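Notes to accompany the following structure.
There are 2 protein chains.
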Amino acid sequence: MKLGVSPDTFPPRSHEAKRISVVDAAASVFCREGYAGANIDLIAAEAGVSRQTVYNHHGDKEKLFMAVVRDLTERCNAGIFATIATFPDQPTGLESDLIAFAVRMNRNCICNRDGRFLRKLIQAEGERYPELFAEWREQGPGRTWSALAARFARLAYAGHLSIDDPDVAARQFLALVNAELQTTFMLGGMPTEEEVLRSATNGVRTFLAAFGRRKAPAARQAALAHA
Amino acid sequence: MKLGVSPDTFPPRSHEAKRISVVDAAASVFCREGYAGANIDLIAAEAGVSRQTVYNHHGDKEKLFMAVVRDLTERCNAGIFATIATFPDQPTGLESDLIAFAVRMNRNCICNRDGRFLRKLIQAEGERYPELFAEWREQGPGRTWSALAARFARLAYAGHLSIDDPDVAARQFLALVNAELQTTFMLGGMPTEEEVLRSATNGVRTFLAAFGRRKAPAARQAALAHA
DNA sequence: ACAAATTTAGACAGGCTTGTCCAATTCGTC
DNA sequence: GACGAATTGGACAAGCCTGTCTAAATTTGT
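Chains as they are written, first to last, in the UniProt record's numbering: chain A, 1 to 227; chain B, 1 to 227.
Here is the structure:
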């Protein structure tokens, strides 16, 4: 009796597995081909199920699309908050800690499959489903930014940074560490590990040059110190 | 004899006007609906011509799409270089001059119709037409960034800024002055004049805090000066 | 092993879209 | 006013896609 293994609801088992596999394949196809260009037959084939199964599970192309967006939004937000939880509140080396944090943010939230897919769907179909993406807007950027801002405010309060407006600083931090990846993102590409590291390094150095306390913590600040 | 009015080439007159009107309408529809969802009948209606005229001029949905992208790329690049030509090489007030430049850049190149349309087409269809957007990549970001980097290098050489790598500084400048507009851009929206100004102001201040010579040029630097 | 539920393959209608063809009409030029 | 080119509206075939239906095959739980 392996009853313990199955969940409490009756949908047997493979039922849910297929549902997930359909949503995953749909995300991929919607991103590649756009909503109008996405073909249910292709989604079914890519998911390894029959077309009828897609309709059994999701009823409708539009409902399937909504399920995809909700799924991606949820996973992305979870990833973002999990990563923000690793923010260096008590940094040993501020520059290297912030660089490592920026790399984690990029790798786990922005460059990964879910992040790239969600971003593309928002850009392509955001205007067509206002309420769907309004939800993303509130849950995602809104809460992300204020959570990150709170972390920076704490760093400033502890004397590691000199910040006027933590919300502005948080947005600028993200903009800076992604500054050199914009073109790659624009074309839907995946930056290499080295590009991510370089962009994060350059971004954090500029960020610290602007917001860092002048304790001459690292080498780069030499140019500022000789004044 | 109004011969002087007509251009030197023989295509009568309204011919070219309709061609432009078709490309404009096509840009709008391709952006709104995506390539697959774009309907030639709708493009024709929006351009105020018959469907047959669209085919007479451009032959094909794909050729029409290419014409749209080429058109937008050309106009955007022209606008970007025209705006870079207004870069403050001999600034009177560095902060306010850079803010004004950033606002011009946003208004004339990034937020205007052509800029938003081109960005969305690149994001949505960039992977499907690699050679078409490779051209954009070389002509656009590549040349834009190095042109802007050269201007910043000159400012640094003249003693107004302290910059290690002008290419990095140029990319970070653009990232900073757009930092607060990302969400709006993502959803294809048009930021207000006030949002553009605020983002540019905050971005330039941080940029100068990082790269400015410490002559205490403005008020904001007070926080740095008391050290 | 049996019974119920799920999945599958395929056929199918209905709708929409692209691209072509054509006759009638309008437009610009001489 | 007349001529030629461009434009128009509409009909049209061909193809593709969505969503439904059915009967057979497979899987699941007991």
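All C-beta atoms in this analysis are idealised placements derived from N, C-alpha and C, irrespective of residue type, glycine included.
Since the structure is predicted, the reported quantities are computational estimates derived from the model, not experimental observations.
Which class does residue i belong to by DSSP, given the choice of helix, strand or coil?
i: A/Ala-187; result: Note on identity: in this sequence residue 187 of chain A is Leu, with Ala being the wrong assignment. Here A/Leu-187 sits in coil by DSSP.
i: B/Asp-8; result: Legend: pLDDT at B/Asp-8 = 39, less than 50; position of this residue unreliable, value from coordinates given subsequently. Correct three-state label for B/Asp-8: coil.
i: B/Gly-140; result: helix
i: A/Gly-212; result: strand
i: A/Lys-2; result: For A/Lys-2, the predicted structure reports a pLDDT of 35, less than 50, and the residue's modelled location is therefore unreliable. The matter cannot be settled from this model.
i: A/Ala-223; result: The predicted position of A/Ala-223 is uncertain, since its pLDDT is 46 and thus under 50; a value taken from the coordinates is nonetheless stated next. In the structure shown, A/Ala-223 sits in a helix (DSSP, three-state: H, G or I).
How would you call residue i, buried or exposed, if buried means at least 16 neighbouring beta carbons within 10 angstroms?
i: A/Ala-134; result: exposed
i: A/Phe-81; result: exposed
i: A/Pro-191; result: buried
i: B/Asp-97; result: buried
i: A/Gly-48; result: exposed
i: B/Ile-99; result: buried
i: A/Thr-206; result: buried
i: B/Gln-90; result: exposed
i: A/Ala-158; result: exposed
i: A/Thr-73; result: buried
i: B/Gly-212; result: buried
i: A/Glu-95; result: buried
i: A/Thr-92; result: exposed
i: B/Gly-59; result: exposed
i: A/Ile-20; result: exposed
i: A/Ser-199; result: buried
i: B/His-57; result: buried
i: A/Thr-83; result: buried
Am I right that residue i and residue j are in contact with their C-beta atoms under 8 angstroms? What's the rounded C-beta distance?
i: A/Ala-17; j: A/Ile-43; result: So it is not a contact: roughly 16 angstroms between Cβ atoms.
i: B/Val-177; j: B/Ala-102; result: 4 angstroms
i: A/Tyr-35; j: A/Glu-131; result: Their Cβ separation, rounded to whole angstroms, is 16 angstroms, which puts A/Tyr-35 and A/Glu-131 out of contact at 8 angstroms.
i: B/Lys-120; j: B/Gly-189; result: Going by Cβ atoms, the distance from B/Lys-120 to B/Gly-189 rounds to 11 angstroms, so no, they are not a contact pair.
i: B/Asp-114; j: B/Gly-140; result: 12 angstroms between Cβ atoms; not a contact.
i: residue 230 of chain A; j: A/Glu-195; result: Past the edges of chain A, shown from 1 to 227, lies residue 230 of chain A, and the structure says nothing about it.
i: B/Thr-183; j: A/Arg-104; result: With a Cβ gap of about 22 angstroms, B/Thr-183 and A/Arg-104 do not count as contacting.
i: B/Asp-41; j: B/Arg-32; result: Contact flag wrong, Cβ pair sits at about 14 angstroms.
Task: Inter-stretch contact (C-beta, 8 angstroms, three-pair minimum) for the segment 49-65 of chain A and the segment 48-67 of chain B - done: no
Task: Three CB pairs or more closer than 8 angstroms across the segment 144-158 of chain A and the segment 170-179 of chain A - done: yes
Task: Residues, ordered as in the chain, of the segment 170-199 of chain B that lie near chain A by beta-carbon distance below 8 angstroms - done: Residues are counted here when their Cβ sits less than 8 angstroms from a Cβ of chain A; for the segment 170-199 of chain B these are Arg-171, Gln-172, Leu-174, Ala-175, Leu-176, Asn-178, Ala-179, Glu-180, Gln-182, Thr-183, Met-186, Leu-187 and Gly-188, given in chain order.
TODO: Would you list, in chain order, the members of the segment 116-129 of chain B that have their beta-carbon closer than 9 angstroms to a beta-carbon of chain A?
DONE: Arg-119, Lys-120, Ile-122, Gln-123, Ala-124, Glu-125, Gly-126, Glu-127 and Arg-128
Task: Chain-ordered residues of the segment 27-60 of chain B with a beta carbon less than 9 angstroms from chain A - done: Hits within the stretch, in order: Arg-32, Glu-33, Gly-34, Tyr-35, Ala-36, Gly-37 and Ala-38.
TODO: Could you run through the segment 140-167 of chain A and flag, in chain order, every residue whose CB is less than 7 angstroms away from some CB of chain B?
DONE: Pro-141 and Ser-162
Open item on the list: Under 7 angstroms, CB to CB, which of the residues in the segment 62-82 of chain B have a partner in chain A?
Closed with: Correct list: empty, as no residue qualifies.
Task: Near-chain B residues of the segment 86-99 of chain A (beta-carbon distance less than 7 angstroms), N- to C-terminal order - done: none
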